[in-house]
Structures are given as C-alpha cells and as structure tokens.
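Just so you know, we're using this note's numbering here: the sequence shown kicks off at 1130 and counts up by one. Where is the CB? At the ideal position from N, CA and C, for every residue including glycine. Structure first, commentary second.
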Amino acid sequence: MTTDYLIEPGGRLFGRIRVPGDKSISHRALMLGALGDGVTHIEGLLQGQDVLATLAAFRAMGVDIVEPQAGHLTISGVGLDGLRRPGHPLDMGNSGTAMRLMSGILAAQPFDSELVGDSSLHKRPMRRVVEPLNAMGACIKTADGDCPPLSIKGGQRLQGIDYVMPVASAQVKSALLLAGLYADGVTAVTELATTRDHTERMLKGFGYDVSTADHTVRLQGGGRLTGCDIQVPGDLSSAAFFLVGAAIAPASTLQLEGVGVNPTRSGVLTLLQRMGADVELHHRREIGGEMIADIHVRHSRLRGITIPEDEVSLAIDEFPILFVAAACADGDTVLRGAGELRVKESDRIAVMAMGLQQLGVTVQEMADGVTIRGGQINGGVVDTQGDHRVAMAFAMAGLRSQAPLTIGACENVDTSFPGFVEMAATAGLGIRTVHAA
Ligand code: S3P
1130 MTTDYLIEPG GRLFGRIRVP GDKSISHRAL MLGALGDGVT HIEGLLQGQD
1180 VLATLAAFRA MGVDIVEPQA GHLTISGVGL DGLRRPGHPL DMGNSGTAMR
1230 LMSGILAAQP FDSELVGDSS LHKRPMRRVV EPLNAMGACI KTADGDCPPL
1280 SIKGGQRLQG IDYVMPVASA QVKSALLLAG LYADGVTAVT ELATTRDHTE
1330 RMLKGFGYDV STADHTVRLQ GGGRLTGCDI QVPGDLSSAA FFLVGAAIAP
1380 ASTLQLEGVG VNPTRSGVLT LLQRMGADVE LHHRREIGGE MIADIHVRHS
1430 RLRGITIPED EVSLAIDEFP ILFVAAACAD GDTVLRGAGE LRVKESDRIA
1480 VMAMGLQQLG VTVQEMADGV TIRGGQINGG VVDTQGDHRV AMAFAMAGLR
1530 SQAPLTIGAC ENVDTSFPGF VEMAATAGLG IRTVHAA
C-alpha cells in the first residue's frame, strides 16, 4: 500500500503542539534498558516503526518488554550477558540507526545473528561500522558493496581500540561504544566534527563511566548498566518541519512544547535564526541529562545564507526542510561539505533538488551540497523516493506553493513521525492522504 499526500496551497500554522519522542534517544533507551540490570521505565518513547524494529529485535532475543502504551514502556533488563540467540534474522526495517547500533551489540554476543532491512536500508553503507568493529575482533560480513544484510559471527573476544572516525557519524561512534562495553581494555572514539552525544549521556544515566575530552569519548569494558527511568524529549528533527512551516507561512505563530535541544543536535535552530527566522526558546530545563525547551516561532522574512561546513553535522537530518526554508528565502543559500546526505534514507541532495526543480525552484546540485535560490514555489507532483523527511519537508512547502501539491510515497513517515498528518492538519496545513494498493 502506498500513501500520497495532497496539499492545498497556502494557510498558516498556529497553536501549541507536542511532537512525538526523539527517535535517536528512543532507540538508545531500548538498547540500554534491555542490556541493563533491573527494570527501566521509559516515558515519551517514539512509537514509530524504526524504534519498534529495535523493540522487536530485543524481544526476539528474549527480553521482556511490556507493550508500549502512549509512550510509556517498561523493560526488564537482562544484563549485558543475558541476550539469547534470535530464532530468525533481525529486521531493522528502514532504520540505519537500529542496524548500525545493533551491529555493535551483536558483534559481542556468544551467538550468531543476521541483520536485514528494507530496500532503502539495503542500499546504505555499512563498512563504516563493520571495519572498526572487525578491527576490535568482531567477525561481521556484509553483502556485496558493503551493504546489508550483515552476518555476525558470535563468540569473538573483542579488544578496545583507539579509533578516529573518517566520517562524522554518531551511529559509528555509538556502535563502537556499545561494543566497547564488552571489550577488553579501553575503547576510544575520536570525532573530527561534533556528532550527537545521546549515547554518552545515556550511558552515564545507566551508571556507566564514560569520559569525553578533546573530541574523544572513552570507556572501559567490563562494567555494568543499571536500569533507570528515562523521559524522552520531543524530537527536534520532527519539530523542525513545524518550525520551518511557521517561519515561512504568513501570520503563523506556533508553540512547540518539550522539544530536545541538545547542543550537538540543535544546528537547525541557529541556522534558521541566522536566516532571520523568529525562533525563541523558553523554559529551558534539563531532564535526565538532556536539555529540553519550549520553542516559539512566528512568521518572518527569511534570507539565504552560506551554511558553515562545521555546522553540517549539527543539523544533518534537518536539511530536507532547511532546503524548503531556503526556497522561501531572499537570495541564495549555499550548502557544501554535506556529502553524507547522499547516503541517508534516500540521496537527499538529489531527491530534494529534483523535487524543488519540479516545483520551479532554481537549484544547483553539487557533489557535496546545493545552492538554492529563493523564489516562487509552483504546484505539481513530487517524488520522495520513500524518504520520510523528504515527504514531510515537501508537505510544508505547500504553505507557500501557488497551487496544490501531490507528494508521492509518504508511507515511511510512520518510521519517525506517527500522527504527522493529523498534527499538521490541526496546526493549519491543508493536508490529506490518499492510499493506493
Ligand atoms: C543518528 C545519527 C545520524 C542521523 C540519524 C540518527 C543517531 O546518523 O542522521 O538519523 O541516532 O545516532 P549518522 O550518525 O550516520 O550521521
């Protein structure tokens, strides 16, 4: 079954909304909860398909997880050595985070396992985790082209390594730290550009000793994780669609409550403010080691900017919607040093450039980025190639389009943002869905 969005042009966003829980934190909460000693209670868990794939994987390895209800979930942790061999390949669906982080955990288990996913995930590069994990002593094989499925041979003794990541990736860092929990000696991961640090923060919340200095994270294997209570903040990557929607649609004023604003993740806020967006953070507070805030955004006139390359990793998931902001801004927005966007759920540079061009926007595509000239957005049909964030970004573009938009293949929005259509419609977007067999 495919789902298209039909968007009526114009409108404005207003009111107060609370977006679903953070996807990155939800995956990690399940993983550490499963590997912890004792019970972990989670509030605000994202019940999107990506996170549910992680949940199903732990159930298949014998972890008792009560069915989540309205974001509340209880896990009885089995401890670091308590997982059991799954009876079937573990299906990570569309989720690169689930596959890469799980590869770090599974590399250290006494049993063999296999990680599979959907057609998008099977095109994504895995060498970035497989190579350093194998250097730690793991035995992981990929399919041709270094893509999934991953076959992981159990019973290997892992050794801590000192690893400088060639790509700025929190997924790689996290996979190595998770494997490092089981390794002899110290595992040290150095990043050349800042990536989200949810794993480090949450490991500390589970009582594990983790140190960070000069862009290097270190931990010593052989400790224990102690189950705890976790409150998952709203996902800034989901909030970003509404932030930009309200920024570009005349007469909008919108309050987003309880959104995670971890500084390793909040690049979208600074970039939008630099573009002239009227975005204010209120009631900043820390919960369970993560910063959260209420974000207030009003419509304002945006201007194009040159995005500094060292800020790309701080907003890596927000570029589809930032491209829409750029299309509505005065002048050019220039992005370079963002080649990673080509290996996300789709090639986000190509798919966004093609979609915007389809709607009459002037876009110059480069190997590692784009230049977007702000101007009029026409109506028309856009192909998302099944990418959830591309779908939601083009939905918001309807707030400024001259005629209706049809956005194809939006079914994967449920991977990260269940309830997007209802929330967007309540906030004022003219959106409806059409399903086809
Ligand atoms: C994530 C890290 C990012 C991001 C992804 C979630 C995570 O990927 O794009 O959506 O939870 O660690 P990379 O670390 O590969 O850039």
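Proximity test, residue i beta-carbon vs the ligand S3P heavy atom, cut-off 7 Å
i: H1622; result: Outside the shown range of the chain, which is 1130 to 1566, sits residue 1622, and nothing can be said about it.
i: H1156; result: yes
i: E1440; result: no
i: R1330; result: no
i: K1252; result: no
i: I1234; result: no
i: D1275; result: no
i: T1183; result: no
i: E1469; result: yes
i: S1303; result: yes
i: I1445; result: yes
i: A1299; result: yes
i: T1324; result: yes
i: K1473; result: yes
i: T1226; result: yes
Distance between residue j and residue i (C-alpha atoms, nearest Å)
i: N1541; j: G1417; result: 30 Å
i: L1184; j: G1208; result: 16 Å
i: N1507; j: S1249; result: 29 Å
i: S1366; j: D1273; result: 32 Å
i: V1550; j: P1149; result: 13 Å
i: M1495; j: R1330; result: 36 Å
i: G1537; j: L1262; result: 38 Å
i: T1319; j: V1480; result: 31 Å
i: V1408; j: P1278; result: 42 Å
i: Q1514; j: S1475; result: 7 Å
i: L1212; j: H1412; result: 41 Å
i: L1164; j: L1354; result: 7 Å
i: P1449; j: R1477; result: 7 Å
i: I1146; j: T1271; result: 42 Å
i: A1556; j: Q1285; result: 52 Å
i: P1239; j: Y1311; result: 11 Å
Pair within 8 Å by beta-carbon distance, residue i and residue j
i: P1362; j: G1336; result: no
i: D1543; j: G1177; result: yes
i: N1391; j: R1325; result: yes
i: H1156; j: T1203; result: no
i: A1522; j: V1453; result: yes
i: I1281; j: A1236; result: yes
i: G1489; j: Q1505; result: yes
i: G1230; j: T1535; result: Here residue 1230 is Leu; the residue named in the question, Gly, does not match the sequence. Contact: no.
i: G1222; j: Q1360; result: no
i: L1142; j: G1374; result: yes
i: G1216; j: M1228; result: no
i: A1376; j: A1406; result: yes
i: I1436; j: V1463; result: yes
i: A1297; j: S1442; result: yes
Presumed contact (8 Å Cβ cut-off) between residue i and residue j, rounded CB distance
i: G1309; j: L1348; result: 5 Å
i: I1424; j: A1368; result: 7 Å
i: S1575; j: H1564; result: In this structure the chain extends from 1130 to 1566, so residue 1575 is not present and cannot be described.
i: S1232; j: V1258; result: 5 Å
i: I1234; j: M1130; result: With 8 Å as the limit, I1234 and M1130 do not qualify as a contact, their Cβ atoms being about 32 Å apart.
Check: residue i C-beta below 7 Å from any heavy atom of the ligand MG
i: D1193; result: You won't find the ligand MG in this model; what it holds is the ligand S3P.
Closer than 8 Å to chain C by CB, residue i
i: L1400; result: Within the model displayed, chain C is absent; a lone protein chain is all it includes.
Ordered list of beta strand (DSSP E) runs contained in the region 1323 to 1377, each at least 3 residues: 1339 to 1342, 1345 to 1349 and 1358 to 1360
Every unbroken beta strand (DSSP E) within the region 1383 to 1432, with a cutoff of 3 residues, ordered by chain: 1407 to 1416 and 1419 to 1427
Any chance you could list the beta strand (DSSP E) runs of at least 3 consecutive residues sitting entirely within the region 1234 to 1263, in chain order? 1242 to 1245
Which runs of the beta strand (DSSP E), 3 residues or longer, sit entirely within the region 1163 to 1248? 1166 to 1172, 1202 to 1207 and 1242 to 1245
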